[in-house]
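Taking it in order: structure first as structure tokens, then the write-up.
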Amino acid sequence: MNFSTKGEAPETARLIDEELTEWLRGCFRKAFPDCAEAAQAGRVVQNSRPEFGDFQCADSMQLARALHLPPRKIAEQVIAGAAFPGVVAKIEVAGAGFINLTLDDAYVAEKALQGCLLPSIGKECTMVIDYSSPNVAKPMHIGHIRSTVIGCAIDRLHRALGYHVVADNHIGDWGTQFGVIIKGYREFVDKEALAKDATDELERIYVKSYAKAKEDPAWMDACRMETVKLQQGDPENRALWQEFIRLSCHSFDSIFERLGVRFDTTRGESYYQEQLGPMVETLEKAGLAHESEGAMIVDLKEAGLDIAIVRKRDGGFNYTTTDLATVATREKDYHPDKIVYVTDERQQLHFKQFFHISRLLHLVPERCRLEHVWFGLMRLPEGTFSTRQGNVIKLAALLDEAHRRALEVVRRNHPDLPDEEADALAEKVGVGAVKYADLSQDPRTLITFTWDKAMSLEGNSGPYLQYAYARIQSVLEKHRTAFPDDNPAEKPLRLGDPIERSLALQIALFPSAVVKAAETYRPCVLADYLYTLAQSYSSFYQRLPFLKAEDGIRESRIRLCSLVGDVLREGLFLLGIEAPARM
Ligand code: ARG
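My numbering numbers the first residue of the sequence shown as 1 and each following residue consecutively.
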């Protein structure tokens, strides 16, 4: 049995909840042909209490006012004579007017067998995703992890659904920070330290120079001058700048490699520098930008978006200007259907402003969606992170610590594993733990990272899911040894026990979870799903015999087991987490 998201989903691989909703909507329409609201009704959600059926629709309650009927009456009329042969086995009205649906066992089994086949909903669509996008000469710190990890998951989710994805690492390689670094570099670079650890040294220089600029206006001016010189093409500043980029990208790459993150292109801000002046002119010609106290601004107060500066008094351009030029180029090069930006919540106003201006200038066609996926800042118990103050926990150090902790677990479980293997395993578990700790939470919440929770083998954690997957692999191995002639892939699924049936239904809902996670840009939807699946599996495993079950049932249970493994592996992959075969 080898289901893979790489295969094309058959026409029949429709999402269960969508299929049910569409059918039930038809029933609402048929029962109340003259009611516009009824034509929109029929949404089903999975029932939290399976004794009431697999899915539930609560829309009759909402229609009571429009139809002047009690909800129960509405529900009864909707279901009178309704049938969905082969899909819905039982349809009932319950409580105040809920419609409960129980699926046909054969349908559940069929859908479970298609569990890993995802619908190609993005087949005709292109998505540009701009994520991670760290700044040159500043180290990546733990605050950057969310953009990288969430962005990578959104990227993989969309690719799996057939989207053509262009992942662009829009690094900050152009801006005022370079004046600060160049000035600082000239004054206090330690060449020996630079040779040893370039990013550390560049960071030290940046922090020191920035602090000095804050106290000393003359230093601040000198930094500004260096920025202007760089932007005007001064050869010495250019050479330094290029060297900083080279050094920084080298260290970013080693982090991306550890995180399993790959970009299709890395066009930094500097790629667009030639377009910044013309962009301001375009804004001016369109009557959108005007001068104010020596700067060029776009007044967006009427739209409730304050003002955006597009050229500073000293002639330097701003973040907004760069993003406007960038979006125009992306439209020209890729004609995307959507462009997704993943950054922390502090940039919300920036994106609202720049999206608004992009629309006013028609830089992208109407159909192209511009989405800012923002997330809350991550904190460690001791507080948030900021490079400027220099109190950063570096991402590399965080991953090293995760690796060290994971190695302890691996060593405990497998004292005899050769060093190299133990190390490779610890990297998968440690990195997976850090990623999952982030992805399992709603992106918009402020998350507090704790090692105990991240590394736990019991709660909702990366290692827990990896462990569940590894245990399944060992069950399958045991089965192969004990019953070498069994061929579960050729035996039908038998869902006689309610635990088996609910596990099969859970497997069948994988495509729905993937689609929802992608469409809402919330990988936590998939994480929640996988955790629930692992829990259902665990009660299935604890309460039903496998190898001791009779012929036919044994193969069916092993097949279910294998399907859960496939879904866990694919699901973890979509979150950017590896699933080692043992742990
Ligand atoms: N370099 C920026 C930062 O570190 C993020 C860039 C996000 N992408 C964009 N197109 N603005 O905050």
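Every residue gets a Cβ at the ideal spot worked out from N, C-alpha and C, and that includes glycine.
Close beta carbons around residue i, own chain, < 7 Å, minus the five adjacent residues each side
i, result
"Lys312", "Ala295, Asn318"
"Ala513", "Val525, Leu526, Tyr529"
"Ala325", "Tyr272, Gln275, Leu276, Met279"
"Val93", "Arg72, Ala75, Glu76, Ile79, Ile99"
"Glu18", "none"
"Arg238", "Leu230"
"Ala396", "Ile255"
Beta-carbon gap between residue i and residue j smaller than 9 Å
i, j, result
"Arg404", "Ala426", "yes"
"Thr126", "His164", "yes"
"Arg146", "Asp438", "yes"
"Ala518", "His158", "yes"
"Tyr537", "Ala468", "yes"
"Phe263", "Asp173", "no"
"Leu526", "Ala13", "no"
"Lys491", "Ser556", "yes"
"Phe98", "Cys57", "yes"
"Leu15", "Phe55", "no"
"Gly376", "Pro443", "yes"
"Ala83", "Ile91", "yes"
"Leu476", "Gly565", "yes"
"Phe244", "Ala137", "yes"
"Arg569", "Ile499", "no"
"Asp314", "His350", "no"
"Leu575", "Lys435", "yes"
"Ile541", "Arg480", "The question names Ile, but residue 541 in the sequence shown is Tyr. In this structure, Arg480 does not lie closer than 9 Å to Tyr541 by Cβ."
"Val327", "Ser132", "no"
"Lys208", "Leu505", "no"
"Leu465", "Gly430", "no"
"Cys223", "Ile182", "yes"
"Arg353", "Trp374", "Reading off the sequence, residue 353 comes out as Gln, not Arg. In this structure, Trp374 does not lie closer than 9 Å to Gln353 by Cβ."
For residue i, the first and last residue of its enclosing beta strand (DSSP E)
i, result
"Leu103", "98-103"
"His68", "No beta strand (DSSP E) holds His68; DSSP gives it neither H nor E."
"Val297", "With the sequence shown as reference, residue 297 is identified as Ile, and Val is not the correct amino acid for it. Per DSSP, Ile297 belongs to the beta strand (DSSP E) from 295-299."
"His290", "289-292"
"Lys338", "338-344"
"Trp241", "Not the beta strand (DSSP E): Trp241 falls in the alpha helix (DSSP H), residues 235-259."
"Trp374", "369-375"
"Lys90", "88-94"
Residue i: CB within 8 Å of a non-hydrogen atom of the ligand ARG
i, result
"Gln347", "yes"
"Ile584", "The question about residue 584 has no answer here: the residues shown for the chain are numbered 1 through 583."
"Asn135", "yes"
"Tyr319", "yes"
"Asp344", "yes"
"Asp350", "It should be pointed out that residue 350 corresponds to His in this sequence rather than to Asp. Yes - the ligand ARG has a heavy atom lying nearer than 8 Å to the Cβ of His350."
"His144", "yes"
"Thr481", "no"
"Tyr341", "yes"
"Thr199", "no"
"Asp130", "yes"
"Met155", "The amino acid at residue 155 is misidentified as Met; the sequence shows Asp. No."
"Asp485", "no"
"Thr326", "yes"
"Asp264", "no"
"Asp323", "yes"
Endpoints, alpha helix (DSSP H) assigned at residue i
i, result
"Leu465", "462-482"
"Leu398", "395-413"
"Val567", "553-574"
"Thr520", "From DSSP, Thr520 is part of no alpha helix (DSSP H); its letter is neither H nor E."
"Trp451", "451-455"
"Thr126", "Unbroken run through Thr126 is the beta strand (DSSP E), 126-130; no alpha helix (DSSP H)."
"Trp219", "217-231"
Own chain residues within Cβ distance below 8 Å of residue i, not counting five before or after
i, result
"Gly459", "Lys453"
"Lys214", "Met220"
"Tyr553", "Here residue 553 turns out to be Ile, not Tyr, going by the sequence shown. Within the same chain, Ile553 has close Cβ partners Arg494, Gly496."
"Arg501", "Asp105, Val108, Leu495"
Own chain, CB closer than 6 Å to residue i, minus 5 neighbours either side, in chain order
i, result
"Gln389", "Residue confidence for Gln389 is low, a pLDDT of 46 falling below 50, so the modelled location carries little weight and cannot support an answer."
"Gly53", "Asn47, Asn100, Leu101, Thr102"
"Asn391", "Only weak support is given to the placement of Asn391: the predicted model assigns it a pLDDT of 44, under 50, and the question is left unresolved by the model."
"Lys516", "Val525"
"Leu370", "Ile339, Phe355"
"Ala534", "Leu465, Ala468"
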